[in-house]
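Chemist: What follows is a structure written as structure tokens; I'll ask about it next.
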Amino acid sequence: MGRTDRVSRMIAAPPEAVYTALLDRGSLEVWMPPDGMRGRIEHWDPRPGGGFRMVLTYLDPTDAPGKSSDATDVVDVGFAELVPPERVVQRAVFESDDPSYAGTMTMTWRLEAGGGATTVTVIAEDVPPGIDQAAHEIGIASSLANLASYVEQSA
177 MGRTDRVSRM IAAPPEAVYT ALLDRGSLEV WMPPDGMRGR IEHWDPRPGG
227 GFRMVLTYLD PTDAPGKSSD ATDVVDVGFA ELVPPERVVQ RAVFESDDPS
277 YAGTMTMTWR LEAGGGATTV TVIAEDVPPG IDQAAHEIGI ASSLANLASY
327 VEQSA
């Protein structure tokens, strides 16, 4: 059994708006890349059993070599479960020759309404051992901050 990482953030928007941003290709390309990266989606099929392939490119790969190449992390993500507007469950597999990044990581995005806002909790299960826990949690927190900014500006 692998490691589990968990990060939460309150977003000043209704769950429906957050859920929409989780399943919109253009939105994901804007908010999902953590600070220091940009993202591009190569394949998009937003349904249970579908998924997407995202290429994350480091803006400065000097101190953060990628998992897939010196400057990139490539991840194939399948949608295991979509429950509007409560939950998105993804299965993520990194493209890498390094066995420390092998395996399928499950990412559950839980949306809980309360007080005119949404608490988004990301639970990453079976995190590959090559992914540093502190760096991973910082990256998820950065993506959640980007999501909050993106959704709150649209609200």
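Under the numbering used here, the letters of the sequence shown match residues 177 to 331, in that order.
All C-beta atoms, glycine included, are put in the ideal place defined by N, C-alpha and C.
Source: prediction; values computed, not measured.
Helix or strand or just coil, what does DSSP make of Ser319?
Modeler: helix
Chemist: Taking 8 Å as the cut-off, does the segment 292-308 touch the segment 205-225 (at least 3 CB pairs, one atom from each stretch)?
Modeler: no
Chemist: Relative to the C-alpha of Arg185, which candidate in Asn322, Gln309, Thr297 and Val327 has its C-alpha closest?
Modeler: The candidate whose alpha carbon is nearest that of Arg185 is Thr297.
Chemist: In chain order, what residues of the same chain have a beta carbon less than 8 Å from the beta carbon of Trp285, not counting five sequence neighbours either side?
Modeler: Leu198, Arg263, Val264, Val265, Gln266, Val296, Thr297 and Val298
Chemist: With C-beta atoms as the reference, is Val194 less than 7 Å away from Leu287?
Modeler: For Val194 and Leu287, yes; Cβs fall inside 7 Å.
Chemist: Helix, strand or coil for Leu235 per DSSP?
Modeler: coil
Chemist: Could you tell me which residues DSSP pairs with Ala188 in its beta bridges?
Modeler: The partner list for Ala188 (beta bridge, DSSP) is empty, contrary to what the question assumes.
Chemist: Given that a residue counts as buried once 16 or more other Cβ atoms are within 10 Å of its Cβ, and exposed if not, what is Val259?
Modeler: exposed
Chemist: Let me check one thing: in DSSP terms, what residues is Thr280 bridge-paired to?
Modeler: Paired residue(s): none; Thr280 is not in a bridge.
Chemist: Between Leu232 and Thr238, what straight-line distance do the alpha-carbon atoms span, to the nearest angstrom?
Modeler: 15 Å
Chemist: Using a Cβ-Cβ cut-off of 7 Å, state whether Glu205 counts as contacting chain D.
Modeler: Among the chains in the structure shown there is no chain D, since it carries only a single protein chain.
Chemist: Just curious, the beta strand (DSSP E) that Leu258 is in, first and last residue?
Modeler: Thr248 to Val259
Chemist: Along the chain, where does the alpha helix (DSSP H) that runs through Gly202 open and close?
Modeler: Arg201 to Trp207 is the span of the alpha helix (DSSP H), which, as asked, contains Gly202.
Chemist: As a quick exercise: from Tyr234, Leu235 and Arg201, pick the residue whose alpha carbon is nearest that of Arg223.
Modeler: Arg201
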